[in-house]
Each structure stands twice: as C-alpha cells, then as structure tokens.
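Right, one structure below, let's go through it.
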Amino acid sequence: MKKSTFNYIKDILKDYPNIDRYIKERELELRIPSKQDDLNSGIRGNRVSDSMTNMLITIEQDRRLSALERNKRVIEDNLQECDNETRVIITELYINKYQKYTMEGLVQNKLIYCSRRKAFDLRDAFFENIANDLGLEK
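According to the working numbering, the sequence shown holds residues 6 to 143 in order.
Structure below.
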C-alpha cells in the first residue's frame, strides 16, 4: 500500500470519534448559510425562490457531507466485520485520542493474543479493506 494512502486512512481513523460532530456542523452550514452584505439587496428579481427545495438539493449534492458520511459508514462496517484483536489494535493505536500503547505494548500487555508480526498483518489487512471500500489506490 502506498504511504500516502496509509496516512490518509490513518487520518480518517483519527477523525472518526468526531465525525458525527463534523456531519452536524456541515449540515448546519448548508441549512443556515452565512449571508454577505449585498449592495443590491433592495432589488428584487423575477425568479420565484423555494429555499427549502434548494436547501434539500444542496444537502443531497454536497460532496464534503457525502464524503464524511461515506467514511463513517465504511469505518463502522469494517469495525463490525473484523475480529476482536483487529478491533483492539485499530481502537488503541488510531481511534483513541491519546495512544496508550504501541503495537509491541499491546502484545506484551496481553491486550491482543497474537504475535507482533500477526498484529501488523491484521492492521494491514484492515487498512486494505478500508482502501478497497473507499476506492483508494493501493
């Protein structure tokens, strides 16, 4: 796997605990857009504006919002499908805000019951699955 792809997935996993907040903030930005002062605000146009319809179309078509939702869905699906050792590795090393252990520490403290090499293989397989689901180049 390319180092840039690996680092991108690592960044997504680091942001995973905050992804719900990011989604809500983005929806709020789309629902209540900031209005700039307009010198021509008194001039009326002849087009009828249905703001609710425009807002729904904007929310459905927003790329950033759909990317956040896709990332959340892919991570949740992969965490549910993986075994317990992989889940502990990913949670402890990438999702938790403050990392307590290294891969060696997870093995030595018996948080996972496999060798260090097997732990790296489990991590790499998880990252490969995420890359496949997101359609990223390996």
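Every residue, glycine too, gets a C-beta built ideally from N, C-alpha and C.
Model, not experiment: these values are computed from the prediction.
Can you give the Cα-Cα distance for residue i and residue j, rounded to whole angstroms?
i	j	result
Ile24	Leu73	7 Å
Lys143	Glu32	31 Å
Tyr27	Lys19	13 Å
Leu35	Asn76	19 Å
Thr63	Ile14	27 Å
Glu133	Pro22	21 Å
Leu141	Ile17	13 Å
Asp67	Lys8	28 Å
Asn114	Ser120	12 Å
Lys102	Gln85	20 Å
Glu65	Lys29	14 Å
Asn12	Arg78	19 Å
Helix, strand or coil for residue i per DSSP?
i	result
Gln85	helix
Asn134	helix
Asn23	helix
Lys7	coil
Asn76	helix
Ile37	coil
Asp67	coil
Asn101	coil
Leu18	helix
Glu30	helix
Leu139	helix
Take the Cβ of residue i as the centre, count every other Cβ of all protein chains shown within 10 Å, and call the residue buried at 16 or more, exposed below.
i	result
Thr96	exposed
Thr107	exposed
To the nearest whole angstrom, what separates the beta carbons of residue i and residue j, a pair I think is in contact under 8 Å?
i	j	result
Leu111	Ala124	7 Å
Ile117	Ile94	6 Å
Ile145	Asn83	In this structure the chain extends from 6 to 143, so residue 145 is not present and cannot be described.
Thr91	Leu139	With a Cβ gap of about 17 Å, Thr91 and Leu139 do not count as contacting.
(request) Jot down the residue ranges of each uninterrupted alpha helix (DSSP H) in the stretch 103-132, minimum 4 residues, whole runs only, in chain order. (result) As far as the stretch 103-132 is concerned, its whole alpha helix (DSSP H) runs of at least 4 residues are 108-113.
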